[in-house]
Amino acid sequence: MYINTASSSASSLLRASRARLFSSSSSSSPISRTFAGSPLKPSHHHFASHRFLSSSSAVRSFSRWSHGGVHWRSPYALRSQIRAVAPVIEQFQRKIASMASENPFKANLTSLPKPGGGEFGKFYSLPSLNDPRIDRLPYSIRILLESAIRNCDNFQVKKEDVEKILDWEKTAPKQVEIPFKPARVLLQDFTGVPAVVDLACMRDAMNKLGSNSDKINPLVPVDLVIDHSVQVDVAGSANAVQANMDLEFQRNRERFAFLKWGSNAFHNMLVVPPGSGIVHQVNLEYLGRVVFNTDGLLYPDSVVGTDSHTTMIDGLGVAGWGVGGIEAEATMLGQPMSMVLPGVVGFKLSGKLNNGVTATDLVLTVTQILRKHGVVGKFVEFYGEGMGELSLADRATIANMSPEYGATMGFFPVDHVTLQYLKLTGRSDETVSMIESYLRANKLFVDYNEPQSERVYSSYLELNLSEVEPCMSGPKRPHDRVPLKDMKVDWHACLDNKVGFKGFAIPKDVQDKVAKFSFHGQPAELKHGSVVIAAITSCTNTSNPSVMLGAALVAKKASELGLQVKPWVKTSLAPGSGVVTKYLLKSGLQKYFDQQGFQIVGYGCTTCIGNSGDLDETVASAIAENDIVAAAVLSGNRNFEGRVHPLTRANYLASPPLVVAYALAGTVDIDFDKEPIGTGKDGKSVYFRDIWPSTEEIAEVVQSSVLPDMFKSTYESITKGNPTWNELSVPDSKLYSWDPNSTYIHDPPYFKGMTMDPPGAKRVKDAYCLLNFGDSITTDHISPAGSIHKDSPAAKYLLERGVDRKDFNSYGSRRGNDEVMARGTFANIRIVNKLLNGEVGPKTVHIPTGEKLYVFDAATRYKADGHDTIVLAGAEYGSGSSRDWAAKGPMLLGVKAVIAKSFERIHRSNLVGMGIVPLCFKAGEDADTLGLTGHERYTIDLPSSISEIKPGQDVTVTTDNGKSFTCTVRFDTEVELEYFNHGGILHYVIRNLSKQ
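Positions in the sequence shown are counted from 1; adding 20 to them yields our numbering.
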């Protein structure tokens, strides 16, 4: 819990006063439920004998963001003034008491003694259940079990749910449904702005329904890190950090002020200001608790986040994964997550990495293995003697890319390596002692020094770490791994192959084309495969000291040998936290980065999410005028076409050291084993092996340069923010005053005309096909985050409102404006729509007239004429980032259903949350095999009564030309059916809260 501890600008800036009245979990205090009018039950911990605590004894505040000499990490308790909260508490105590019963597992509350006397607190003990099935459960499933036991009230979480989890071996294959209550929610600003917009809009809706708008408040801690807005406008310059931050504030002042308003208007919300770091690295190094201690109740940390790479925290032994913004908002408001009890793939690691092989090479290898195995909707749990050879940062790198291999989690249970990392990152000895004691006592700790009990997994995989070799992934997908030794051959194959994930279809006679141009007065040239962007970026790698310092050593060796990156390669270094800068300076290696053009450009997500900034005009012209397949090499986790930069058709994921190596080579068309990277100052050829550091060299620098005080001082300084953020003035109001002229923040139409009666299920009749897609349509295609094209409907909207083109900013930064985002839906310039017969781009055919229109314009015309629309798609529809706008946008365009071969997990959930019906073709069938062209009209025979629809049932789809086929309705749980009945998850929440 967070409270005001001083009147300093820091406390106002960071919302230290976030009033975390119920500090930790949706599962902790009954008052935290009643406070915002949730329909939830009280949780009965060691206060269970008292149905409700008095407000004076229950409402306590803990602060991690402390001032006045208080330890930067340690929570401390203070009384908090309840203000207007008390009447709400009194009003709902009686309601909740009638709904919920005492926790049937209260007898399992056990004291956890401190080694020196006293106790850390009490906890719900798994061993006290005396159930032999627990020892066979994967650790990740034990976390779900503990949560169910702790929250059990036979109202929202029932004893039957606990039994389902205990009997996981038998129940998981049956796809049974369970409720889960995460301890906290994590946001970044791209997804955080629309979440706060929705909360503000929901408050307005509550008001219009005659209910109390104060019921719309986060009931669990919400951490929002502003990290997605910085762009690489300035690179290769000593003043890049400040210049880019100034531009970031110029573009985003309105958004930032809105978020600052939200941190004041809503309880339980912390906003970490821009320039602090990347959300997942801040989560790993600072926000992650591992174990909560709330009012003397101990329980595991768990988190859901509106960024798919929330899974990075799994490397710390914290259960966390990405959810859609819509689902996260419901979690904030106290709704339990309904999930299918997952299967768990056991991934055994043995051996150790060979000299010179990096964690990035390992994660790209793991991604390819797991993608092939098939892990969508499953947990992956790592174990085996090889675990001891992986640092915590290496584990976090593997966990980070769970979305790329398709798993819900890539989980590493807590062991001695975890404890060492907690100490390294500044967690106190007492905190680490509490974490170890609790996890050992509750069978949640792995001690590889002791005999291991046999755990059961749904399936098994094994990798000997010594088999991993240097590699990259690309040119268009993260799981298309290419061994480094095969890179040149693979590149030439890509030039030859027909257009696709591994092809550009460049005719043989132009593959050696050279585009000569003048770069600021000096001769320059580009060829197919020339590297124009080399970016050390992304949480995947910047949190790992070994690869960051390894990259710096490559720069050092290259500089000493006289190699220099060509000036037309846009180089950048964007650390995930200030800690990276501290250890680079401590090691003396930052100067070598600077010499090679890798000056620090900012602290946040940059190139990996498309915030790569413009290329120099001369470079851009050379690429465009000569149709060059230019390359970007980045240490990121996503390389989907059109994401990194519109002009880089080939994008390769690589370790930070390889990013530097390819920047020096200037091309991906090179065999590092045989061809020199360049010529040294002595006139001799310099090869890859001459600049590549050994594992021992890297380890030595890590050992001497990465120190605990660096983490402490970095996160202490975060609380001071920066002057520009501190000076932002925001109104002190609970309801937001919408500015109708704003092009960043707009009152969305979701709840217009909403009544207390659910609209019910609606049949889709004679719908037109808006778009007809093939496989692997990502959320980047559906809802791009990058630049706004000058001729697009979104650009037209902004120009009409007086916004200059230079101030367009990105789609991601404008997610708080539904008008911009609806126009940006399906606006990716690389999207392939079969209705266009091979033409690439954000247009479609308006079927009734045959006109070729922008997708937004076609959808607007369909809506005006009263026609429903559907989307046809192939496999893996909605893969990529967990973007709520990839569901909100289609809903606003009038899309009623998506029929696909398969869906990405989060996106399917988001579609349901926005009232769109997800349907799957039967195995072996798709639009092509069924002879569907997209020119038909579609009727989906969905029952009109929600009671007649069952999760996973079959429905018949017919077309106006006589075709008929069967699809599976992808409502996976009863709760999702309830959301659909209400028109969406947020409508469901509003009606439920209003009734209380």
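Every residue gets a Cβ at the ideal spot worked out from N, C-alpha and C, and that includes glycine.
From residue i to residue j, what does the alpha carbon distance come to, in whole angstroms?
| i | j | result |
| --- | --- | --- |
| lysine 577 | isoleucine 711 | 5 Å |
| glutamate 409 | tyrosine 403 | 11 Å |
| tyrosine 96 | glutamine 176 | The pLDDT assigned to tyrosine 96 is 25, lower than 50, so where the model puts this residue is not dependable, and the model offers no usable value. |
| alanine 681 | proline 543 | 22 Å |
| aspartate 243 | glutamine 531 | 49 Å |
| glutamate 122 | asparagine 171 | 10 Å |
| lysine 810 | leucine 818 | 10 Å |
| tyrosine 468 | phenylalanine 367 | 16 Å |
| serine 249 | isoleucine 648 | 29 Å |
| lysine 872 | glycine 861 | 11 Å |
| arginine 156 | valine 476 | 6 Å |
| leucine 654 | glycine 886 | 46 Å |
| methionine 421 | serine 233 | 39 Å |
| serine 724 | proline 565 | 11 Å |
| leucine 855 | aspartate 381 | 39 Å |
| glutamine 251 | alanine 650 | 20 Å |
| glycine 951 | valine 915 | 22 Å |
| leucine 290 | lysine 443 | 24 Å |
| methionine 265 | leucine 515 | 39 Å |
| glutamate 839 | aspartate 992 | 31 Å |
| glycine 230 | histidine 1002 | 19 Å |
| tryptophan 588 | histidine 393 | 41 Å |
| valine 105 | threonine 949 | Because the pLDDT at valine 105 is just 36, under 50, the model does not fix this residue reliably, and the value given afterwards should be weighed accordingly. Roughly 59 Å between the two C-alpha positions. |
| lysine 970 | phenylalanine 1000 | 12 Å |
Do residue j and residue i have their beta-carbon atoms positioned less than 8 Å apart in this structure?
| i | j | result |
| --- | --- | --- |
| glycine 624 | alanine 594 | yes |
| leucine 219 | threonine 326 | no |
| proline 498 | threonine 627 | no |
| serine 296 | isoleucine 808 | no |
| asparagine 288 | leucine 239 | yes |
| glycine 337 | proline 199 | no |
| cysteine 789 | isoleucine 690 | no |
| threonine 864 | valine 875 | yes |
| valine 600 | threonine 560 | no |
| valine 400 | glycine 430 | yes |
| glycine 686 | serine 538 | no |
| threonine 557 | serine 592 | yes |
| tyrosine 441 | valine 395 | no |
Whose CA, out of the options, lies closest to the CA of residue i?
| i | options | result |
| --- | --- | --- |
| phenylalanine 923 | Ser322, Val252, Thr798 | Thr798 |
| glycine 523 | Ala413, Asp532, Gln531, Ala513 | Ala513 |
| leucine 727 | Lys602, Tyr458, Lys970 | Lys602 |
| arginine 783 | Val975, Asp510, Arg460, Val365 | Val975 |
| leucine 912 | Thr130, Thr889, Asp414 | Thr889 |
| arginine 709 | Ser563, Gly630, Val639, Lys505 | Lys505 |
| valine 989 | Leu962, Gly1003, Asn659, Ser967 | Leu962 |
Run through the DSSP bridge pairs and tell me what residue i is partnered with.
| i | result |
| --- | --- |
| glutamate 450 | Bridge partners of glutamate 450: none, in fact. |
| proline 676 | Note: proline 676 sits in no beta bridge, so no partner. |
| glutamine 542 | Phe539 |
| methionine 289 | Val242 |
| lysine 206 | As written in the sequence, residue 206 is leucine, which differs from the lysine given in the question. Answer by DSSP bridge pairing, in chain order: Asp243, Gly325. |
| lysine 863 | Tyr874 |
| serine 563 | Bridge partners of serine 563: none, in fact. |
| serine 231 | Paired residues: none, contrary to the question. |
| threonine 699 | Ser705 |
| aspartate 974 | Thr988 |
| lysine 368 | Tyr403, Glu482 |
| tryptophan 341 | Val324 |
Taking 7 Å as the cut-off, is the beta-carbon of residue i closer than that to any non-hydrogen atom of the ligand COA?
| i | result |
| --- | --- |
| serine 563 | The ligand COA is absent from the structure shown, which contains no ligand whatsoever. |
- Query: Three or more beta-carbon pairs under 8 Å between the stretch 581-588 and the stretch 696-711, yes or no?
  - Reply: The way I'd put it, the stretch 581-588 does touch the stretch 696-711; three or more beta-carbon pairs between them come closer than 8 Å.
- Message: Any contact between the stretch 865-880 and the stretch 770-786? By contact I mean 3 or more CB pairs, one from each, below 8 Å.
- Response: No contact exists between the stretch 865-880 and the stretch 770-786.
- Task: Specify whether the stretch 1003-1010 and the stretch 336-350 touch according to this definition: at least 3 beta carbon pairs, one from each stretch, less than 8 Å apart.
- Result: Segment contact: the stretch 1003-1010 against the stretch 336-350, three or more CB-CB distances shorter than 8 Å; contact assigned.
- Is the stretch 920-934 in contact with the stretch 902-909, if contact means three or more CB pairs nearer than 8 Å? Judged by pairs of C-beta atoms under 8 Å, the stretch 920-934 touches the stretch 902-909, as three or more such pairs exist.
- Query: Touch check for the stretch 657-673 and the stretch 475-487: three-plus C-beta pairs under 8 Å?
  - Reply: They do not touch, by the three-pair rule.
- Message: With a threshold of 8 Å, are at least 3 pairs of Cβ atoms found where one atom belongs to the stretch 184-192 and the other to the stretch 353-363?
- Response: Contact check between the stretch 184-192 and the stretch 353-363: three or more CB pairs, one atom from each, fall below 8 Å, which counts as touching.
- Message: Within 8 Å, do at least three Cβ pairs link the stretch 824-836 to the stretch 258-274?
- Response: Taking 8 Å as the limit for Cβ pairs, the verdict is that the stretch 824-836 does touch the stretch 258-274.
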